[in-house]
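Residue numbers (my numbering), protein chains in the order written: chain A, 1 to 340; chain B, 1001 to 1340.
Number of protein chains: 2
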Amino acid sequence: MIKHRKKSSVTAQDVALRAGVSRAAVSRTFTNNGSVAKHTREKVLQAANELGYQVNFLAQGLNRKRSQLIGVVVARLSDPFRSGLLEGLLLEIQRQGYQAMVTEVRNADGLEETIRRFTQFRVSGVIVTSGQPPSELVNECVQHNIPVVGINRQMDIKDVDFVCSDNKAGAALAAQQLLESGCKQLAWLNYKDSTWGGINRGECFKHAIDQHQLQALELLAEQDGYQGGRQAAHQLCASQNWNIDGVFCANAQLACGFLDGMREQGFSAPQDFHLIGFDDTELTGQYSYQLTTIRQNIDLIAKQAVLNLQARGRDNTAKQRFDLVPVTLTLRATSPALTD
Amino acid sequence: MIKHRKKSSVTAQDVALRAGVSRAAVSRTFTNNGSVAKHTREKVLQAANELGYQVNFLAQGLNRKRSQLIGVVVARLSDPFRSGLLEGLLLEIQRQGYQAMVTEVRNADGLEETIRRFTQFRVSGVIVTSGQPPSELVNECVQHNIPVVGINRQMDIKDVDFVCSDNKAGAALAAQQLLESGCKQLAWLNYKDSTWGGINRGECFKHAIDQHQLQALELLAEQDGYQGGRQAAHQLCASQNWNIDGVFCANAQLACGFLDGMREQGFSAPQDFHLIGFDDTELTGQYSYQLTTIRQNIDLIAKQAVLNLQARGRDNTAKQRFDLVPVTLTLRATSPALTD
DNA sequence: TGCAAAAATGAACACGTGTTCACTTCACTG
DNA sequence: CAGTGAAGTGAACACGTGTTCATTTTTGCA
């Protein structure tokens, strides 16, 4: 009868026994916290290696009152920008040594339940990319010392840090490009129940062209995404003698749909009108679209979001942050570069 | 001086104190496990409600040796099919009362590290949608009684359950459609370092047309995704007098790229050739592509995967499962329905 | 060599829960 | 009314770790 393996998992106690030291020494070795002699550290590491020891994160988190989890709230991953943002967040979260918990949330109730569950796991932070967390819940997080950061959200909640693409600069870039291309009759396309980000871009765009004494026709799609943009185009073409020659869209999906919708009616960009979208996704660069867009810097957004969580984890009294992430104009076929 | 709130979080002990019962009663109330009188249950629930008590999942998991987490391994979310699959998995995982931990993994080492970390969190199950977990790691999971299920993976690992779209049926549907449409010279397009799923589809396709004494020209793209398909088209057109009139692609991204690449050369479907892809993503249905594709049933895949985890969680001795999920042919412009 | 400061060590407690095990109370039957 | 089984209850243990606090050992210096 060989070794009687009753326990399914090997604990720090087992390692201590084998290395001939106390369990505290094992703990210190792995956390690099207290001081431990070089000789015993080696003994511990060898014993741990032989036994295949790995620390139990549940016990660790229970003791430290904090797990190395970060909660991420997402929605509508079918939008390429959103899945791209999630990918960026996952990579950055892992790079910093955390582990991501992801929840897809469809309404306010779901968001509430989700954040509550995050606190039950004692997460190190919460990243919200969809919805607006109720301030009472945020208070609960603050009490548990759990930092919350919103991405591309309306910045009106106390105790929440925000990271947001620079919509104002983006809208200005788009307006400048359209105007310098000679467009006279501008339009702004958005989903009628848009998120704050879309609305904000629209306001910034209107403000930008207002300085040139121009106004934008406001197109509001009944649906979100590709189909919404397509139908908006159909609706525009159906109206009597429209004369739009420059369109700015709240996001890439709407823009692609709008372009296809216009094509169905026999019009196209840049021949009949100029078109600029928001969110440079993989789709926008493809041959069949070649959309000129405002590009959001996903890597920077993700990095800044995690950075904020870490900073506030260290010092909870820091001032609330509002980070604007620069955007750039990517010129493609639907509104090409100017030729002097 | 009011209540001295020293503890940041309220525990079951606090609830017990307020309700005038023992802590065990509180625990029993929330787990529905032991038996508890109706009267005391109500007292406990009221006290818990007043104090805003929520069970600490770390402590719960530590005690039960199992958390209500499910680990999900993903990769390349920029592919719409993969992000769609993740979305389906998230929704199903939440629907069943679990919480998803998601990790993006880029190579075999990353996969190993990831699964190890999952076990450290004592997850209730692992879902692998990318990469092939080393069998030694799977053994470790089995020892911890953690079920593993692979989606669209090669089914060659012991103790792992598999859920896979029915590639054989899909390939047969594609072959039938192309042949009945009158195609004579078939081609098969795949990425040169494809995953097993792609390779498998190709073999099934070749087998299907072999029964009609036909062979497929094998096109292997240097890159994966849209750009790979596009370059493959360019390469095909560059070759002397090619005469392909029917193409089947390993996935939707390749197919869209191939279509665009052919368009750049002045050819299109279905006029010059028929084209069928795999993975009915949102992209394939758009006006500019209208791709005929084999549709994978994401909801069913997700449901079956979680179901398998639950089943094996209850009975670890069950026989290894290989589930084939039906696929359907979605007819669109690039290979339209037959007209009698 | 002698001595003080620093480093290393192990016992013990805390984290918050689920569950077992005696023990008490209750309801029901003959 | 006595007796029996079931339901309800609380004390105590287990889960596996981090950390404090005395205590022992080592190091550095005169």
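Don't be surprised by glycine CBs; every beta carbon is placed ideally from N, CA and C.
Item to check | Alpha carbon of A:Ser8 to alpha carbon of B:Ser1083, nearest angstrom | outcome: On the first sequence, residue 8 of chain A is found 8 positions in, with the first residue counted as 1. On the second sequence, residue 1083 of chain B is found 83 positions in, with the first residue counted as 1. Looking at the two C-alpha atoms, the distance is approximately 35 Å.
Next on the checklist: Between B:Val1073 and B:Ser1130, how many whole angstroms is the CB-CB distance? I'm expecting something under 8 Å.
Outcome noted: Indexing the second sequence from 1 puts residue 1073 of chain B at position 73. Indexing the second sequence from 1 puts residue 1130 of chain B at position 130. Yes, B:Val1073 and B:Ser1130 are in contact; Cβ-Cβ is about 6 Å, under 8 Å.
Item to check | Within-9 Å CB hit, A:Lys303 to chain B | outcome: As a position in the first sequence, residue 303 of chain A is number 303, starting the count at 1. No, A:Lys303 lies away from the interface with chain B (no Cβ there is under 9 Å from its Cβ).
Checklist entry - So, are the CB atoms of B:Gln1185 and B:Thr1292 less than 9 Å apart? => result Here residue 1185 of chain B refers to the residue found at position 185 of the second sequence. Here residue 1292 of chain B refers to the residue found at position 292 of the second sequence. It is not a contact, given that the beta carbons lie outside the stated cut-off.
Checklist entry - What is the DSSP secondary structure of B:Cys1237, reduced to helix, strand or coil? => result In the second sequence, the residue the question calls residue 1237 of chain B occupies position 237. Here B:Cys1237 sits in helix by DSSP.
Next on the checklist: For A:Ser268 and B:Glu1264, I'd like the C-alpha separation in whole angstroms.
Outcome noted: Walking along the first sequence from the start, residue 268 of chain A turns up at place 268. Walking along the second sequence from the start, residue 1264 of chain B turns up at place 264. Taking the straight line from one Cα to the other gives about 17 Å.
Item to check | Contact check, A:Asn152 vs A:Val163, beta carbons under 9 Å | outcome: Within the first sequence, the letter at position 152 stands for residue 152 of chain A. Within the first sequence, the letter at position 163 stands for residue 163 of chain A. Yes, Cβ-Cβ distance for A:Asn152 and A:Val163 is below 9 Å.
Checklist entry - Per the contact definition of three or more C-beta pairs closer than 8 Å, is the region 221-229 of chain A in contact with the region 45-58 of chain A? => result As far as the Cβ criterion goes, the region 45-58 of chain A does not touch the region 221-229 of chain A, which means the pair count is below three.
Checklist entry - At least one CB of chain B closer than 9 Å to the CB of A:Phe121: is that the case? => result Translated into the one-based positions of the first sequence, residue 121 of chain A becomes position 121. Residue contact with chain B for A:Phe121: present (Cβ-Cβ distance below 9 Å to some residue of chain B).
Checklist entry - How close, in whole Å, do the beta carbons of A:Leu58 and B:Leu1173 come, if the pair is a contact with beta carbons under 8 Å? => result Here residue 58 of chain A is taken as the residue at index 58 of the first sequence, counted from 1. Here residue 1173 of chain B is taken as the residue at index 173 of the second sequence, counted from 1. Between B:Leu1173 and A:Leu58 the Cβ distance is about 47 Å, and since that is not below 8 Å, they are no contact.
Next on the checklist: Quick check for students: name the residue ranges of the beta strand (DSSP E) that lie wholly in the region 1183-1209 of chain B, counting only runs of 3 or more.
Outcome noted: Contiguous beta strand (DSSP E) elements confined to the region 1183-1209 of chain B occur at 1186-1191, taking only those with 3 or more residues.
Checklist entry - Thinking just about the alpha-carbon of each residue, which of B:Gly1125, B:Gly1197, B:Cys1249 and B:Arg1117 is nearest to the one in A:Ala100? => result For this step, residue 100 of chain A is matched to residue 100 along the first sequence. Selection B:Gly1125, B:Gly1197, B:Cys1249 and B:Arg1117 evaluated against A:Ala100 yields B:Arg1117 as nearest (Cα-Cα).
Next on the checklist: For a contact defined as C-beta to C-beta under 8 Å, what are the partners of A:Asn56 on chain B?
Outcome noted: Taking the first sequence and counting its residues from 1, one reaches residue 56 of chain A at position 56. Near A:Asn56 (Cβ distances below 8 Å), the residues of chain B are Leu1062, Gln1120 and Arg1122.
Checklist entry - Helix, strand or coil: how does DSSP classify B:Phe1118 here? => result Indexing the second sequence from 1 puts residue 1118 of chain B at position 118. If DSSP states are grouped into helix, strand and coil, B:Phe1118 belongs with the helices.
Checklist entry - Since B:Ala1059 meets chain A, which of its residues come closer than 7 Å, beta carbon to beta carbon? => result On the second sequence, residue 1059 of chain B is found 59 positions in, with the first residue counted as 1. Neighbours of B:Ala1059 on chain A, chain order: Leu62.
Checklist entry - Nearest chain B C-beta to A:Leu220 closer than 9 Å, yes or no? => result Taking the first residue of the first sequence as position 1, residue 220 of chain A is located at position 220. Taking 9 Å as the CB threshold, A:Leu220 stays off the interface with chain B.
Checklist entry - How about B:Pro1080: is its C-beta nearer than 9 Å to some C-beta of chain A? => result Position 80 of the second sequence, counted from the first residue, corresponds to residue 1080 of chain B. Yes, B:Pro1080 lies at the interface with chain A (some Cβ there is under 9 Å from its Cβ).
Checklist entry - Going by other Cβ atoms of all chains shown within 10 Å of its Cβ, with 16 needed for buried, is B:His1274 buried or exposed? => result Taking the second sequence and counting its residues from 1, the one referred to as residue 1274 of chain B is at position 274. Classification of B:His1274: buried, given that the 10 Å Cβ count is 16 or more.
Next on the checklist: So, at 7 Å on beta carbons, what are the nonlocal neighbours of A:Glu140 in its own chain, with the 5 sequence-adjacent residues on each side left out?
Outcome noted: In the first sequence, the residue the question calls residue 140 of chain A occupies position 140. Thr119, listed in sequence order.
Checklist entry - What residue does the beta strand (DSSP E) around A:Arg332 start on, and which one ends it? => result Residue 332 of chain A sits at position 332 when you count from the first residue of the first sequence. Unbroken run through A:Arg332: none, as it is neither H nor E.
Checklist entry - Is the shortest distance between the beta-carbon of B:Lys1168 and the beta-carbons of chain A less than 9 Å? => result Working through the second sequence from its first residue, we reach residue 1168 of chain B at position 168. So, not an interface residue.
Next on the checklist: According to DSSP, is A:Leu179 part of a helix, a strand, or is it coil?
Outcome noted: Taking the first residue of the first sequence as 1, we reach residue 179 of chain A at position 179. Three-state result, A:Leu179: helix.
Checklist entry - Under 9 Å between C-beta atoms, does A:His234 make it to chain B? => result The residue given as residue 234 of chain A occupies position 234 in the first sequence. No, no contact with chain B.
Item to check | 8 Å Cβ cut-off: residues of chain A touching B:Thr1103 | outcome: Your numbering for residue 1103 of chain B matches position 103 in the second sequence. By Cβ distance, chain A contributes Leu90, Gln94, Gln99 and Ala100.
Checklist entry - Which class does B:Gln1296 belong to by DSSP, given the choice of helix, strand or coil? => result Residue 1296 of chain B sits at position 296 when you count from the first residue of the second sequence. Three-state DSSP puts B:Gln1296 in a strand.
Next on the checklist: What would DSSP say about A:Glu140, mapped onto helix, strand or coil?
Outcome noted: In the first sequence, the residue the question calls residue 140 of chain A occupies position 140. Note: A:Glu140 maps to helix in three-state DSSP.
Checklist entry - Expressed to the nearest angstrom, what Euclidean distance is found between the alpha-carbon atoms of A:Asp279 and A:Ala250? => result Your numbering for residue 279 of chain A matches position 279 in the first sequence. Your numbering for residue 250 of chain A matches position 250 in the first sequence. Whole-angstrom Cα-Cα distance: 9 Å.
Item to check | Environment of A:Thr317 [buried if 16+ CB atoms lie within 10 Å] | outcome: Mapped onto the first sequence, residue 317 of chain A falls at position 317. Result: exposed.
Next on the checklist: Classify A:Arg122: buried if its beta carbon has 16 or more other beta carbons within 10 angstroms, exposed otherwise.
Outcome noted: Start at 1 with the first residue of the first sequence, and residue 122 of chain A comes out as number 122. A residue is called buried when at least 16 other Cβ atoms come within 10 angstroms of its Cβ; A:Arg122 meets this threshold and is buried.
Checklist entry - If you compare alpha carbons, which of B:Gly1266, B:Val1149, B:Ala1016 and B:Arg1332 is closest to B:Gln1286? => result As a first step, residue 1286 of chain B is located in the second sequence; it is residue number 286 there, counting from the start. Among B:Gly1266, B:Val1149, B:Ala1016 and B:Arg1332, the Cα nearest to that of B:Gln1286 belongs to B:Arg1332.
Checklist entry - Where does the unbroken alpha helix (DSSP H) through B:Thr1040 begin, and where does it stop? => result On the second sequence, position 40 is the one that residue 1040 of chain B refers to. Per DSSP, B:Thr1040 belongs to the alpha helix (DSSP H) from Lys1038 to Leu1051.
Next on the checklist: Quick check on DSSP: helix, strand or coil for A:Asp323?
Outcome noted: Counting from one through the first sequence, the residue named residue 323 of chain A turns up at place 323. In the structure shown, A:Asp323 sits in a strand (DSSP, three-state: E or B).
Next on the checklist: Does the structure place the region 300-319 of chain A close enough to the region 1021-1040 of chain B that three or more beta carbon pairs sit under 8 Å?
Outcome noted: Touching, no, given that fewer than three Cβ pairs across the two stretches are closer than 8 Å.
Next on the checklist: For a contact defined as C-beta to C-beta under 8 Å, what are the partners of A:Glu50 on chain B?
Outcome noted: Start at 1 with the first residue of the first sequence, and residue 50 of chain A comes out as number 50. Result: empty, since nearest Cβ-Cβ is about 15 Å, beyond 8 Å.
Checklist entry - Nearest to A:Gly246 by CA position, among A:Cys183, A:Gly198 and A:Leu254, is which residue? => result The sequence position of residue 246 of chain A within the first sequence is 246, counting from 1. A:Gly246 has its Cα closest to that of A:Cys183, out of A:Cys183, A:Gly198 and A:Leu254.
Item to check | Extent of the continuous beta strand (DSSP E) to which B:Leu1214 belongs | outcome: For the purposes of this step, residue 1214 of chain B is identified with residue 214 of the second sequence, where counting begins at 1. For B:Leu1214, there is no enclosing beta strand (DSSP E), as DSSP marks it with neither H nor E.
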